[in-house]
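See below for the structure under consideration.
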Amino acid sequence: MNKKYLYIIILVFLVICTGFVVASLYFFHEAVIPSHKSFLSDTKTLKKSDPLYKQKKWYLDVDKQTWTMKSASGSLKLVANYIAAQQPSNKTVVIAHGFMGSKETMGAYAYLFHQLGYNVLLPDARAHGASGGQYIGYGWPERKDNVKWINKIIATNGQNSQIVMFGVSMGGAATMMTSGEKLPSQVKAFVEDCGYDNTRTEIAYQAKELYHVPSFPLVYIVSGINKIKNGFFFGEASSVKQLHKNDRPMMFIHGSEDKFVPISMVYQNYDATRGPKELWVVKGAKHAASLDHETNKYQLKVKTFLAKYVE
9 MNKKYLYIII
19 LVFLVICTGF
29 VVASLYFFHE
39 AVIPSHKSFL
49 SDTKTLKKSD
59 PLYKQKKWYL
69 DVDKQTWTMK
79 SASGSLKLVA
89 NYIAAQQPSN
99 KTVVIAHGFM
109 GSKETMGAYA
119 YLFHQLGYNV
129 LLPDARAHGA
139 SGGQYIGYGW
149 PERKDNVKWI
159 NKIIATNGQN
169 SQIVMFGVSM
179 GGAATMMTSG
189 EKLPSQVKAF
199 VEDCGYDNTR
209 TEIAYQAKEL
219 YHVPSFPLVY
229 IVSGINKIKN
239 GFFFGEASSV
249 KQLHKNDRPM
259 MFIHGSEDKF
269 VPISMVYQNY
279 DATRGPKELW
289 VVKGAKHAAS
299 LDHETNKYQL
309 KVKTFLAKYV
319 E
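For what it's worth, my numbering labels the leading residue of the sequence shown as 9, then goes sequentially.
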């Protein structure tokens, strides 16, 4: 082959490779590095027209304790709010927030469980809110952190604790991922709302929907970068694989009009779990909007499900 053409081919190849590397670093930054800390609170955006105004306003005003601990890996300082039940209770719920959210954005869910007589613990996930960390974990490293929070509840509130874990979106995935860990007997049930089946498939879906790019090879390159910087490949962070190891009760909630985490994922998750289970598809609800869409029914459904397993 003529050397000139060989040089051109090599040059084109290098340009393409450079392009993929630059694009991958950009997508890694978009997907894994929080861009700001403005999600610390939604106080300034709370309006009386919000259908959940009462619940969110309650959260802003209620007395809270600040709990802290070191992360399960990386020695990060993690921060949570703890709200004691109105009457002394051995029931506690751990509430996990979504992507780029924080404990402050979960006030309406805290209100729901407080109304049901629970103590409420709302952690900020790694790299969110007041917690430390550079990289979003999509629920995977957080599953180990959640086990530590659960053990902290037991150490603080006593061996007779009954614990439920609840999460929305990324927090729903974190809830499912936590369910596959070795957990103390005090953990009685899980409720997840619109969590994804696997971090890689969710990011690939978003790459296609938001940026109109195929998952291969971009998402796989970004996954490799995440392994180096964040400690895991996206494909490892699987709700489905973790649910295969779970035999505790799990309730699944998903909006029928969810365009961020496609509804097909909830069926994968539901089929995977090995314990007692219930699925509620909320007709007409968009992503993470089922509580807004069916406020009273949402509380009743959760109450009825948990009453079977938590005294």
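Note that CB positions come from ideal geometry on N, CA and C, so glycine has one too.
Item                                                                                                                                                                  : Value
Return the chain-ordered list of same chain residues with a C-beta closer than 6 Å to the C-beta of Val221, the five sequence neighbours on each side being excluded. : Ala215
Apart from the five residues on each side of it in sequence, which residues of its chain come closer than 8 Å, Cβ to Cβ, to Leu48?                                    : Unreliable positioning characterises Leu48 in this predicted model, as indicated by a pLDDT of 43, which lies under 50. The coordinate reading is nonetheless provided below. If we look at Leu48 and ignore the five residues flanking it on each side, its Cβ neighbours are Ser110, Glu112, Gly137 and Ala138.
Please classify Ile103: is it buried, with 16 or more other beta-carbons within 10 angstroms of its beta-carbon, or exposed?                                          : buried
Can you check whether the C-beta of Phe240 is within less than 8 Å of a C-beta belonging to chain B?                                                                  : In the structure shown, chain B does not exist; there is a single protein chain.
Please classify Ala163: is it buried, with 16 or more other beta-carbons within 10 angstroms of its beta-carbon, or exposed?                                          : exposed
Can you tell me whether Ser46 is buried or exposed? The criterion is at least 16 other CB atoms within 10 Å of its CB, across all chains shown.                       : Note that Ser46 scores 41 on pLDDT, short of 50, meaning its location in the model is unreliable and no value can be drawn from it.
Report buried or exposed for Phe224, applying the criterion of at least 16 other Cβ atoms within 10 angstroms of its Cβ.                                              : exposed
Going by DSSP, what residue range makes up the beta strand (DSSP E) through Val101?                                                                                   : Lys99 to Ala104
I'd like the span of the beta strand (DSSP E) that includes Met184, first residue to last.                                                                            : Note, Met184: premise wrong, no beta strand (DSSP E); alpha helix (DSSP H) at Met178 to Ser187.
Is it buried or exposed for Val23, if we count other Cβ within 10 angstroms and need 16 for buried?                                                                   : In this predicted model, Val23 has a pLDDT of only 48, less than 50, meaning its place in the structure is not dependable enough to derive any value.
Among the residues of its own chain, which have a CB less than 6 Å from the CB of Ala133, if the five just before and after it don't count?                           : Glu150
Once the 5 residues before and after Val289 are set aside, which same chain residues still bring their CB inside 6 Å of it?                                           : His262 and Ser264
Just to confirm before moving on: does the CB-CB distance between Gln170 and Gly125 stay below 8 Å?                                                                   : no
Out of Lys62, Ser83, Leu84 and Ile91, state which residue places its alpha-carbon closest to the alpha-carbon of Lys72.                                               : Ile91
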